[in-house]
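Working notes, structure below.
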Amino acid sequence: NDANNLRGLLHYDTETAGGIMTTDYVEFHEEETAAEAIRALKKFAKTAETIYYIYILDHHDDLVGVMSLRDLILLEDTDTLSEKMNSDIITVNVDAEQAEVAQVFRDYEFLAVPVVDHSNKLVGIVTVDDVIEVIDDEAQQDYSGLAGVSMDETNNDGPFKAASKRLPWLITLLLLSMITATLINHYENLLAEASILAVFISTITGTAGNAGTQSLAVAVRRLAVEEINRHEFLKLLVKELITGFVTGLVTGIAVFLLVGIWKHNFVLGMVIGLAMCAAITVANLAGSFIPMLMSSFGFDPAVASGPFISTLSDLTSVLIYFSIAGIFLQYFIKA
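Here our numbering is used: the first residue of the sequence shown is 36, the next is one more, and so on.
Structure, rendered in structure tokens:
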């Protein structure tokens with residue numbers, strides 16, 4: 036029987052409810068009495084994954100109810116299970132993604148959730164222990180993605196093998212960084228006229244990169260626990276756009292005052308402040324838009340890693356910074 040159950044589980048994708056469920060659960064038919072169920076439960080207790088819930092079937096073997104062990108014990112011996120069972124059942128489909136299953140546990144705080152097929156036949160249960168492993172795996176994948184590290188890398192990998200797994204990302208980010216360097220070189224005449232601008236490049240790019248990474252983390256976390264339709268997609272983008280503008284505005288005002296007081300030049304502070312506000316707004320939008328876009332095309336949103344967003348925000352921040360500085364330079368700023 037165990038061999039048959041194992042073969043049945045192998046039919047399901049490992050990252051679905053069917054792949055993480057167990058078939059060691061306790062089920063009864065609705066016409067059975069509490070006394071009969073308790074006697075049978077004593078036999079099943081040693082082999083069942085959990086006995087905190089019992090699942091109740093009708094004469095067609097469809098799942099029609101669930102009952103906690105506590106409720107069962109409180110029944111009179113002659114009470115039938117159908118009289119006291121809870122018919123409002125929360126289930127997950129056998130093909131549901133494991134992240135969706137984890138969300139059910141978050142929402143309802145169950146110890147176990149029944150898994151049904153497309154005909155509402157009970158095929159297994161997922162326990163909270165299994166879901167904890169899923170949540171740990173999902174968190175590890177997201178963390179690795181945000182750090183730009185492959186999940187395939189293990190502690191047993193040698194230095195050369197580990198390097199071979201990290202190099203593709205590093206080379207890609209290097210190429211993006213070279214574009215940023217080329218862009219800065221394009222504005223060398225501007226820097227020659229106002230060398231003070233160079234002092235604040237890292238301040239603007241670093242702050243914008245941090246903002247983009249924050250937005251990315253929020254988007255990836257949300258994508259990990261729920262499906263997002265077009266309406267939710269646009270709603271999140273608008274939220275992140277407004278959030279980026281507010282944080283950019285506050286940060287921009289702060290840097291405007293700091294630079295103005297420090298350098299005794301509030302026009303320079305205005306340039307830095309405007310660039311900071313615009314760069315953070317764009318980085319915040321990109322941090323949510325890119326993983327959403329990748330998810331819509333079927334790619335893992337965690338691949339839009341922190342280093343990638345940070346490097347991309349460097350590119351856009353430099354472009355914004357020097358564009359604003361170029362407009363102001365001819366009228367106000369003196370080197």
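Backbone N, C-alpha and C fix where the C-beta goes; we use that ideal spot for every residue, glycine too.
Legend entry - Contact belief for D96 with K156 at Cβ below 8 Å, rounded distance in angstroms: Sure, about 6 Å apart at Cβ, within 8 Å.
Legend entry - Segment limits, alpha helix (DSSP H) that includes S323: From DSSP, the alpha helix (DSSP H) with S323 extends over 301-331.
Legend entry - Nearest-angstrom Cα separation, counted from L347 out to F332: Looking at the backbone, the Cα of F332 and that of L347 are separated by about 20 Å.
Inset, instruction - Flag G193 as yes when its Cβ comes closer than 7 Å to any non-hydrogen atom of the ligand GDP, and as no otherwise. - result: Here there are no bound small molecules, and the ligand GDP is not part of this structure.
Inset, instruction - Keeping to the same chain, check which residues put their C-beta closer than 8 Å to that of V127; ignore five residues upstream and five downstream. - result: Around V127: A52, E135, V136, V139, V148, P149, V150, V151, V161.
Legend entry - G295, enclosing alpha helix (DSSP H) - first and last residue: In the DSSP annotation of this structure, the continuous segment of the alpha helix (DSSP H) that includes G295 starts and ends at 265-298.
Legend entry - Uninterrupted beta strand (DSSP E) stretches inside the region 38-86 (no shorter than 3 residues): Complete beta strand (DSSP E) runs here, min 3: 62-64.
Inset, instruction - State whether the region 111-120 contacts the region 56-70, with contact taken as three or more CB pairs (one from each stretch) at a distance under 8 Å. - result: Here the region 111-120 makes contact with the region 56-70; the two share three or more CB pairs at distances below 8 Å.
Legend entry - Short Cβ contact (8 Å threshold) for I381 with V294: No answer is possible for residue 381: the residues shown for the chain start at 36 and end at 370.
Inset, instruction - In the DSSP assignment, find the beta strand (DSSP E) that holds S103 and state where it starts and stops. - result: Where S103 is concerned, the enclosing beta strand (DSSP E) stretches over 98-103.
Legend entry - Exposed unless 16 or more other CB atoms sit within 10 angstroms - verdict on N319: Looking at its Cβ environment, which holds 16 or more other Cβ atoms inside 10 Å, N319 is buried.
Inset, instruction - With DSSP collapsed to three states, give me the class of V150. - result: V150 falls in the strand class under three-state DSSP.
Inset, instruction - Just grab the DSSP bridge partners of T115 for me. - result: T68, per the DSSP bridge assignment.
Inset, instruction - Measure the beta-carbon distance from L218 to L350 and round it to whole angstroms, keeping in mind my assumption that it falls under 8 Å. - result: Between L218 and L350 the beta-carbon gap is near 7 Å, inside 8 Å, which marks them as a contact.
Inset, instruction - With a threshold of 16 other CB atoms inside 10 Å of the CB of M213, please say whether the residue is buried or exposed. - result: In this structure M213 is exposed. Its beta-carbon is surrounded by fewer than 16 other beta-carbon atoms within 10 angstroms.
Inset, instruction - Decide if E275 is buried, meaning its Cβ has at least 16 other Cβ atoms within 10 Å, or exposed. - result: Per the 10 Å Cβ criterion, buried.
Inset, instruction - Whole angstroms is fine: what's the gap from I263's alpha carbon to A252's? - result: For I263 and A252, the distance between alpha carbons rounds to 16 Å.
Inset, instruction - Report yes if the C-beta distance between L232 and A360 is below 8 Å; otherwise report no. - result: Taking 8 Å as the Cβ cut-off, L232 and A360 qualify as a contacting pair.
Inset, instruction - Kindly list the residues whose CB is nearer than 8 Å to the CB of I86, restricted to its own chain and excluding five residues on each side of it in sequence; keep chain order. - result: Hits under 8 Å: V61, L76, F79, A80, L104.
Inset, instruction - May I ask which residues mark the beginning and end of the beta strand (DSSP E) holding V158? - result: Here the beta strand (DSSP E) through V158 covers 157-162.
Legend entry - Where Y366 falls: helix, strand or coil (DSSP): Looking at Y366 - three-state DSSP - the assignment turns out to be coil, as it is neither helix nor strand.
Legend entry - Rounded straight-line distance, which links the Cα of A216 to that of V169: Going by the C-alpha atoms only, they are around 42 Å apart.
Inset, instruction - Tell me whether D129 sits in a helix, a strand or coil according to DSSP, three-state version. - result: Reading off the sequence, residue 129 comes out as Val, not Asp. Residue state, collapsed to three classes: coil.
Inset, instruction - Report all residues from its chain with a CB closer than 7 Å to the CB of T82; omit the five preceding and five following residues, and keep chain order. - result: For T82, same chain residues with a beta-carbon under 7 Å away, outside a window of 5 residues either side, are D59 in chain order.
Legend entry - Residues near I239 by beta carbon distance below 6 Å, same chain, minus five either side: The beta carbon of I239 sits closer than 6 Å to those of A310, M311, A314, S352, Y356, all from its chain and outside the five residues before and after it, given in chain order.
Legend entry - Own chain, CB closer than 7 Å to N39, minus 5 neighbours either side, in chain order: Annotation note: pLDDT 45 at N39 (below 50); position unreliable, coordinate value reported separately. Cβ within range, chain order: n/a, list empty.
Inset, instruction - Determine the extent of the beta strand (DSSP E) in which L92 is found, giving its start and end residues. - result: Looking at the DSSP string, the run of the beta strand (DSSP E) that includes L92 is 88-92.
Legend entry - Contact under 8 Å by Cβ, I73 with L116: Inclusion of I73 and L116 in the CB contact set at 8 Å is not warranted, their separation being larger than that value.
Inset, instruction - Starting from L121, follow its DSSP beta bridges and name the residues at the other end. - result: Correcting the residue type first, residue 121 is Asn in the shown sequence and not Leu. Residue pairing by DSSP puts N121 in a beta bridge opposite V101.
Inset, instruction - Could you say which of V302, L226, P342 lies nearest to T207 if we only look at CA atoms? - result: When only C-alpha atoms are compared, the closest one is P342.
Legend entry - Exposure of A246, with buried meaning 16 or more beta-carbon neighbours within 10 Å: With 16 or more other Cβ atoms from the protein chains shown falling within 10 Å of its own Cβ, A246 counts as buried.
Inset, instruction - Apply the 10 Å Cβ neighbour rule to S323 and answer buried if 16 or more other Cβ atoms are within range, or exposed otherwise. - result: Classification of S323: buried, given that the 10 Å Cβ count is 16 or more.
Legend entry - Helix, strand or coil at L110 [DSSP, three-state]: The answer is coil: DSSP assigns L110 none of H, G, I, E or B.
Inset, instruction - Below 7 Å CB to CB, which residues in the same chain sit around L364 once its five sequence neighbours on both sides are set aside? - result: Taking L364 as the centre and dropping the five residues before and after it, the same chain places the C-beta of L225, E228, A229 closer than 7 Å to its C-beta, in chain order.
Legend entry - Residue from I125, M56, I362 with nearest C-alpha to V158: Per the Cα distances, M56.
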